[in-house]
Amino acid sequence: MAQDEEAFLARWSRLKRDEAQEKAAPPAEKKPDDAPPALPPVDELTPEADFSPFMQPKVGDALRRAALKKLFADPHFNVADPFEAYSGDWTGGEPISEEMLATLNHARSVLFPEREKPAEEEQKKEPAAADEKPKESDGAGRQDA
Numbered sequence: 012m013a014q015d016e017e018a019f020l021a022r023w024s025r026l027k028r029d030e031a032q033e034k035a036a037p038p039a040e041k042k043p044d045d046a047p048p049a050l051p052p053v054d055e056l057t058p059e060a061d062f063s064p065f066m067q068p069k070v071g072d073a074l075r076r077a078a079l080k081k082l083f084a085d086p087h088f089n090v091a092d093p094f095e096a097y098s099g100d101w102t103g104g105e106p107i108s109e110e111m112l113a114t115l116n117h118a119r120s121v122l123f124p125e126r127e128k129p130a131e132e133e134q135k136k137e138p139a140a141a142d143e144k145p146k147e148s149d150g151a152g153r154q155d156a
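First residue of the sequence shown: 12, per my numbering; consecutive thereafter.
Written out as structure tokens, the structure reads:
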């Protein structure tokens with residue numbers, strides 16, 4: 012077991028040293044094949060032109076952006092979105108009036124919990140009045156009136 016650990020640690024140490032030496036090595040000079048391919052001038056591009064050479068990784072960002080700017084300057088891409096009416100900011104606006112909120116029966120308990128409390132108290136009072144006359148049961152769970 013101790014020999015296996017030594018072999019593992021020796022290998023790990025060697026790999027770390029090799030990695031450090033690779034990082035310390037000066038970067039290689041650019042080779043001629045690293046140069047960007049011959050591209051047509053951006054001013055002469057048309058919407059029908061092939062823009063794929065400008066998307067290669069060897070092309071600089073500034074040149075790529077200039078080509079894309081030329082491509083998307085075409086009126087074909089300047090079409091209004093049919094759903095633009097739905098893109099507005101609908102978070103603002105006038106609040107709902109109290110009268111209209113009161114008609115929202117399905118949300119009454121959420122919007123006006125204080126109005127529900129008196130109704131609950133009245134319901135609690137009604138069973139107390141009904142308890143004045145005791146009902147008799149026949150033992151089978153049925154009550155006689």
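Idealized CB from N, CA, C, for every residue including glycine.
Across the structure, E105 and D85 are spaced so that their CA atoms are roughly 40 Å apart. DSSP places L50 in the coil class of the three-state scheme, outside both helix and strand. If you look at F83, you'll find it in the alpha helix (DSSP H) that goes D72 to F83. Going by DSSP, M111 is part of the alpha helix (DSSP H) stretching over E109 to A113.
Taking C-beta atoms as the reference points, K81 and V53 count as a pair closer than 7 Å.
Rounded to the nearest whole angstrom, the C-alpha separation of K34 and Y97 is 54 Å. Within a 10 Å sphere around the beta-carbon of F94 sit fewer than 16 other beta-carbons, which makes this residue exposed.
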